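2 protein chains.
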Amino acid sequence: MASRDKEATKAKLIKAAGQVMARDGFAKMGVNAVAREATVDKVLIYRYFGGLEGLIKAYAEDGDFWPGVEELIAEPEAIYRARPAAEQMARVFRNLISALRRRPVTLEILAWEMADGNELTKHLDEVRETLGREFTRRFGHAGPAEVDLMAFSALMAASVNYLTARSRHNKSFNGMDISKEDGWKRLEETISTVCLKVLS
Amino acid sequence: MASRDKEATKAKLIKAAGQVMARDGFAKMGVNAVAREATVDKVLIYRYFGGLEGLIKAYAEDGDFWPGVEELIAEPEAIYRARPAAEQMARVFRNLISALRRRPVTLEILAWEMADGNELTKHLDEVRETLGREFTRRFGHAGPAEVDLMAFSALMAASVNYLTARSRHNKSFNGMDISKEDGWKRLEETISTVCLKVLS
DNA sequence: ACAATCTGTCACTTGGCAGTGACTACGATA
DNA sequence: TATCGTAGTCACTGCCAAGTGACAGATTGT
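Given below as structure tokens:
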């Protein structure tokens with residue numbers, strides 16, 4: 001018989017959930033798979049978390065899924081604030097690329113919520129919305145009046161989400177190689193150029 | 001007993017495949033579901049197409065999944081060619097939005113190939129790559145030397161793919177309402193602005 | 001009319017999944 | 001040391017999917 005320690009077992013299950021998600025993807029996430037991974041009986045998922053959904057929720061609150069504001073600005077706030085708007089935005093999106101590429105599970109979720117926005121992804125999504133609001137609250141960027149800032153940043157963020165998530169399974173997109181650093185360098189530089197030209 | 005017409009049955013199956021994809025999504029695509037939809041026995045999928053993969057391949061070659069060059073330029077080629085590069089590109093991406101939103105199955109595939117790039121989506125993907133190459137071949141756009149044109153158009157196309165596919169299940173992204181025409185208008189106008197500012 | 005062939009149907013095996021009820025073994029406490 | 005609550009195990013049901021082998025009804029050529 002196993003270790004007989006509820007909290008440790010719960011932790012094992014949460015960890016296993018993350019491993020299954022990263023290795024097999026959201027599609028294969030299930031009580032059987034997670035329990036197998038944790039070498040624990042699936043009934044404990046129901047007992048301790050009320051089911052898979054509860055486990056995912058616990059996982060969502062546990063882990064480091066989404067980058068925080070600090071990671072996105074990646075420098076002391078004062079320095080960041082002193083930069084011109086175009087540069088601020090370019091930095092954020094470039095840092096967002098790195099932040100996402102560092103988080104395979106987050107990419108999995110990004111992809112999955114597009115394919116099948118279900119209850120499970122909702123918990124994970126809510127955390128992100130908070131980040132978005134937090135960001136806007138602290139840094140209401142400015143730019144030329146004729147630019148719809150919200151639409152512009154939606155376009156850029158969508159781009160980054162798509163390309164990072166896609167890079168898990170596809171080597172290229174639109175002729176760009178998104179499997180190697182080279183391609184990402186080009187994309188990052190183009191983001192800078194675009195921000196500069198649009199927001200000046 | 002049914003109509004006893006092989007070709008008609010094959011057509012029924014192909015059509016059913018599309019219906020299942022549109023209604024239930026790629027996740028629920030399976031021989032059982034398609035056969036049920038076609039009110040035909042699933043064994044015929046194996047006999048006529050060698051399995052689900054073959055059926056999907058047939059479907060991919062059959063339907064109007066991806067817009068053609070004509071749909072993307074949406075005007076006589078001569079007129080299109082006479083426009084400045086910025087305007088050409090803006091038109092293509094704006095038309096791409098409409099073209100994709102008109103094709104629920106295509107959106108389903110776009111989303112699905114991100115979540116799980118499997119054998120089934122590959123066939124559908126190949127057709128698209130052809131379109132991309134065709135487009136570049138016929139319209140090698142020009143712009144300022146400091147702009148990486150391939151990267152820029154990858155960014156824009158990624159954006160469009162993400163937002164259109166996401167709009168199936170999510171009402172908003174990044175504060176933008178992508179469930180109503182209003183939001184799309186704003187995005188389209190922003191695309192025009194961006195192209196103009198970047199490519200001049 | 002008969003045989004060969006083709007289209008379509010049915011029934012079955014196998015296997016994975018979610019969820020549940022009954023059980024066992026541990027160990028804290030009195 | 002006896003007992004009682006809890007952590008963990010096991011075995012089972014019910015469901016649905018993929019794939020297959022055998023069969024029945026229709027069609028065609030001779």
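Quick note, the sequences are listed as chains E and B, same order. Mapping of the first sequence onto the UniProt record's numbering: position 186 corresponds to residue 186, and the numbering continues sequentially without gaps. Mapping of the second sequence onto the UniProt record's numbering: position 74 corresponds to residue 74, and the numbering continues sequentially without gaps. C-beta atoms are modelled at their ideal positions from N, C-alpha and C, and glycine is treated no differently. Note that the coordinates shown come from a computational prediction; the quantities given were computed from them, not determined experimentally.
Three Cβ pairs or more, each shorter than 8 Å: is that satisfied between the segment 64 to 82 of chain B and the segment 117 to 135 of chain B?
yes
Cα-Cα separation, Gln-19(B) to Arg-186(B):
32 Å
Tell me the residue span of the alpha helix (DSSP H) that contains Gly-54(B).
52 to 62
Terminal residues of the continuous alpha helix (DSSP H) containing Glu-108(B)?
104 to 115
Among Pro-84(E), Asp-182(E), Val-92(E), Glu-188(E), the one whose alpha carbon lies nearest that of Ala-142(E):
Pro-84(E)
Below 9 Å between beta carbons: does that hold for Phe-26(B) and Glu-108(B)?
yes
Taking just the CA atoms, how far does Phe-152(E) sit from Lys-12(E)?
42 Å
For Asp-177(E), list the residues DSSP reports as bridge partners.
Ser-172(E)
Using a Cβ cut-off of 7 Å, which residues of the segment 145 to 162 of chain E contact any Cβ in chain B, in chain order?
Glu-146, Val-147, Asp-148, Met-150, Ala-151, Phe-152, Ser-153, Ala-154, Leu-155, Ala-157, Ala-158, Ser-159, Asn-161, Tyr-162
By the three-class DSSP mapping on this structure, what secondary structure does Val-147(B) have?
coil
Quick check: is the beta carbon of Trp-66(E) nearer than 9 Å to any beta carbon in chain B?
no
At the level of alpha carbons, what is the spacing between Ile-178(E) and Glu-134(E)?
30 Å
Could you tell me whether any non-hydrogen atom of the ligand MG is closer than 8 Å to the CB of Lys-6(B)?
Because no ligand of any kind appears in the structure shown, any question about the ligand MG cannot be addressed here.
With 9 Å set as the bound, which would you pick, yes or no: does the beta-carbon of Leu-52(B) sit closer than that to a beta-carbon of chain E?
no
Quick check on Asn-161(B): buried or exposed, where buried means 16 or more other Cβ atoms within 10 Å of its Cβ?
buried
Please work out which residues of its chain come closer than 8 Å, Cβ to Cβ, to Glu-113(E), disregarding the five sequence neighbours upstream and downstream, and give them in chain order.
Thr-121, Leu-124, Asp-125
How many angstroms separate the CA atom of Ala-165(B) from the CA atom of Arg-102(B)?
11 Å
If the cut is a Cβ gap below 9 Å, which residues of chain B does Gly-132(E) touch?
Asn-174, Gly-175
Run through DSSP, which three-state label would Gly-25(E) get?
coil
Rounded to a whole number of angstroms, what is the C-alpha to C-alpha distance between Lys-6(E) and Glu-53(B)?
45 Å
So that I know if they touch, is there some Cβ in chain E lying closer than 9 Å to that of Arg-91(B)?
no
Residues of chain B with a CB under 9 Å from the CB of Glu-189(E): which are they?
Asp-148, Ala-151
Going along chain E in order, which residues have a C-beta closer than 7 Å to the C-beta of Asn-95(B)?
Those do not exist, as Asn-95(B) stays about 16 Å from chain E at its closest Cβ, beyond 7 Å.
With a threshold of 8 Å on Cβ separation, who are the neighbours of Lys-15(E) within its own chain once the five nearest residues in sequence on each side are excluded?
Ala-38
CB contact check: Val-194(B) to chain E, cutoff 9 Å
yes
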